Amino acid sequence: MLLVTRPRIPIRCQWLRNLHRHKVPGRVIPGTSAIQSHSFSQLQTFYPDDHEFFRYTSGRWLRNEEHERSIRYMRFDVNELCKIASNSCGAEKCVGMKKVDESGYNRVFLLHFDNGREAVARIPFPNLGPPHLLTASEVATLDFVRNAMSIPAPKVLAWNSRAESTPVGTEFIILEREDLVGYPHTTKIFADESMENEMTRKFAIGPHMSAVLWREERDRIDVDRGPWNTSSEYVTGLVRYQQGWLQHFPKPRRLDDPTYRSAVDNDPKNHIEVLEQCLKVMPHLTPINYSWPAIWHPDLRGENIFVTKDAPHTISGIINWKFAGIGPFFLQMKVPEAFDYNGSRVELPAWDDDTGKVKLPDDFESLPDSEKKLVKKEQFEACVHRVFKDATKKHNPSMHALLFHRDFSLMTGMFRCALDSWSWGLAELHMYLLVLSENWENIAVDDGDCPLRYSDEENMRIFSEFRRGHVYHRSGSILCERIGCDDYGRVRDEDYDTARALIKQLKPGWIPEDRGGPYLFETEHES
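Residue numbering for the sequence shown follows this note's numbering, beginning at 1 and increasing consecutively.
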């Protein structure tokens, strides 16, 4: 975190690297993110506990609804927030306020003042981690990327990171509202050694603020969260943290739980052991030439990117820097979600093919009109991904060389699975380790021997579990698409009853042995 101080790889390896191309994307449900239809509300003397400003109103969940709503409920003093915001904008009073978004980690409001100015107020959801550190780190990051790196981030007008010290009653950040237009794509940022100047000296590096280190009860673990001096310390520190959490908090899953995978996977001790194997191989995989410290936006979706209204269009704002952190370049870097393609209806050209085009499937003309629309949409998304790749090669060859390296997903995928193995499961992590062991001479950056050995029996078991997990993931994504929900089981309010009926209707056709696991949804309303 930032603080202000005053030879050829076997086909199986190829399949694992390209697995992301065959995943069915989770749907983004219109009407469950931005709340553009709401008008400004006049301020009131009193706000009841069930006022829309405090609760989630952007959709419903088909599972765990009560829990999902509870973690998004946040009461605060609306009038005190408006008073502070008015002062920060040189206004006498706030004349209107509306909720505009609650899809991420914050509830976002647009405030209108009597002098014609507008501002954006962000209230973080609870249970994301230590609120003081998260808020202070985000404010410092916004200041750093805006003023030290010349990245177009919003200007912070006012903020408070300690709920007990403000009459608002919660942490908040008030941002300058610029004349921005949403844009579905973005760019990358990175630290530069030449930035050592008076501006950068007011910042200090604190503990790592990645969401995986702080969510739920993870903030109660007494472990080293950094900062670390080397990429090796960084990798070891994060994996040791995960082992510390596994020793105390995981709750074994029931057999009928959709997240239950196997008896081996359900035992935290097995996770700790596999993470120890990861620590043995990671020093042999670190690409020294790509280990410099880098800061990277943690959530580069289209919703967080803005461009100017008028041509020539340029990026004018990148928002939502919560959980941004500094880490080795090769682990920070990834294809921004706004540019990524995870569809299945069109095929991307090979990564080493610089001339291939994104083509429509051969049977396109025979498809129903509704399916044609989806195919065309995915073709556009695949073209965007291709343009990103070409632009990266031209303007950022270091990033391109690593990002589109044949082994990049093997190097980084194992690390990311290791950081949350209890959620991801051991099957994919085991598969990464198996593939690495079988291709060690082609992947390791040194001459050391591979510390891992697998018997034929273990080999078959790992491959079988990985295959089952892939089938289950794909089946679940297809099911969510048919029901009309996103990967979290969220739908629009008006679609809830229809989705519930579909859940009941589709369950008889779900054969667990064929689908890789149990049905994803309850057939009755959850209490």
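Don't be surprised by glycine CBs; every beta carbon is placed ideally from N, CA and C.
These numbers come from a predicted model, not from an experiment.
Span of the alpha helix (DSSP H) holding residue i?
i: Arg-530; result: Because the chain in this structure spans residues 1 to 527, residue 530 falls outside the shown range and cannot be described.
i: Ile-296; result: Going by the sequence as given, residue 296 is Trp instead of Ile. Looking at the DSSP string, Trp-296 is not in any alpha helix (DSSP H); the run it does join, the beta strand (DSSP E), is 293-296.
i: Phe-529; result: This structure does not reach residue 529, given that the chain is present from 1 up to 527, and the question cannot be answered.
i: Pro-131; result: 131-143
i: Cys-417; result: 408-418
i: Ser-459; result: With the sequence shown as reference, residue 459 is identified as Asn, and Ser is not the correct amino acid for it. Its alpha helix (DSSP H) spans residues 456-483.
i: Cys-383; result: 369-395
i: Val-435; result: 426-438
i: Arg-345; result: Unbroken run through Arg-345: none, as it is neither H nor E.
i: Glu-68; result: 65-70
Please report how far the alpha carbon of residue i lies from the alpha carbon of residue j, in whole angstroms.
i: Phe-463; j: Phe-144; result: 45 Å
i: Arg-519; j: Ile-288; result: Checking the sequence shown, residue 519 turns out to be Tyr, not Arg. Distance between the alpha carbons of Tyr-519 and Ile-288: 45 Å.
i: Leu-331; j: Leu-279; result: 15 Å
i: Glu-80; j: Leu-175; result: 16 Å
i: Asp-446; j: Phe-466; result: 28 Å
i: Phe-521; j: Trp-214; result: 28 Å
i: Ser-210; j: Leu-374; result: 34 Å
i: Trp-296; j: Ile-478; result: 32 Å
i: Ser-165; j: Trp-159; result: 11 Å
i: Phe-408; j: Phe-415; result: 11 Å
i: Ala-153; j: Glu-441; result: 44 Å
i: Lys-507; j: Lys-377; result: 29 Å
i: Lys-334; j: Pro-328; result: 12 Å
i: Glu-118; j: Arg-177; result: 6 Å
i: Tyr-472; j: Pro-293; result: 37 Å
i: Gly-484; j: Pro-268; result: 34 Å
i: Tyr-496; j: Asp-354; result: 45 Å
i: Glu-233; j: Ile-315; result: 35 Å
i: Tyr-73; j: Ala-311; result: 40 Å
i: Leu-410; j: Asn-270; result: 21 Å
i: Arg-461; j: Asp-50; result: 51 Å
i: Glu-513; j: Ile-318; result: 45 Å
i: Lys-98; j: Gln-44; result: 13 Å
i: Ser-137; j: Lys-357; result: 42 Å
i: Glu-92; j: Lys-83; result: 8 Å
i: Gly-425; j: Ile-305; result: 32 Å
Give the C-beta separation of residue i and residue j to the nearest angstrom, bearing in mind that I take them to be a contact with Cβ-Cβ under 8 Å.
i: Leu-134; j: Ala-121; result: At roughly 16 Å, the Cβ-Cβ gap does not stay under 8 Å, so Leu-134 and Ala-121 are not in contact.
i: Leu-433; j: Gln-242; result: Contact flag wrong, Cβ pair sits at about 15 Å.
i: Gly-237; j: Trp-228; result: 5 Å
i: Tyr-290; j: Leu-402; result: 5 Å
i: Arg-218; j: Pro-207; result: At roughly 12 Å, the Cβ-Cβ gap does not stay under 8 Å, so Arg-218 and Pro-207 are not in contact.
i: Arg-301; j: Ala-338; result: 6 Å
i: Leu-285; j: Val-239; result: With a Cβ gap of about 13 Å, Leu-285 and Val-239 do not count as contacting.
i: Gly-104; j: Asn-320; result: 6 Å
i: Pro-124; j: Glu-171; result: 6 Å
i: Val-156; j: Val-139; result: 5 Å
i: Leu-429; j: Ser-421; result: 6 Å
Where does the unbroken beta strand (DSSP E) through residue i begin, and where does it stop?
i: Asn-540; result: For residue 540 there is no data in the structure shown, the boundaries of the chain being 1 and 527.
i: Gly-226; result: Run containing Gly-226: none; DSSP gives neither H nor E here.
i: Pro-512; result: Looking at the DSSP string, Pro-512 is not in any beta strand (DSSP E); the run it does join, the alpha helix (DSSP H), is 512-515.
i: Ser-150; result: Note, Ser-150: premise wrong, no beta strand (DSSP E); not H, not E.
i: Glu-176; result: 172-176
Check the DSSP bridge columns for residue i and list the partner residues they point to.
i: Glu-273; result: Answer is none; Glu-273 lacks a bridge partner.
i: Ser-41; result: Met-97
i: Ile-443; result: Answer is none; Ile-443 lacks a bridge partner.
i: Ala-158; result: Ile-174
i: Pro-268; result: Answer by DSSP bridge pairing: none, since Pro-268 is not bridged.
i: Gly-327; result: Ala-294
i: Ile-84; result: According to DSSP, which records beta bridges pairwise, Ile-84 is partnered with nothing at all.
i: Arg-500; result: Answer by DSSP bridge pairing: none, since Arg-500 is not bridged.
i: Val-491; result: Arg-60
Answer with buried or exposed for residue i, where buried requires no fewer than 16 other C-beta atoms within 10 angstroms of its C-beta.
i: Gly-116; result: exposed
i: His-395; result: exposed
i: Asp-101; result: buried
i: Ile-511; result: exposed
i: Arg-107; result: buried
i: Phe-46; result: exposed
i: Asp-449; result: exposed
i: Asn-266; result: buried
i: Pro-361; result: exposed
i: Gln-379; result: buried
i: Ala-346; result: Contrary to the premise, residue 346 reads as Val rather than Ala in this sequence. Result: buried.
i: Ser-455; result: exposed
i: Asn-439; result: buried
i: Lys-309; result: exposed
i: Arg-515; result: buried
Compute the minimum distance between the beta carbon of residue i and the heavy atoms of the ligand SAH, and state whether it is under 7 Å.
i: Arg-146; result: In the structure shown, the ligand SAH is absent, as is every other ligand, since no ligand is present at all.
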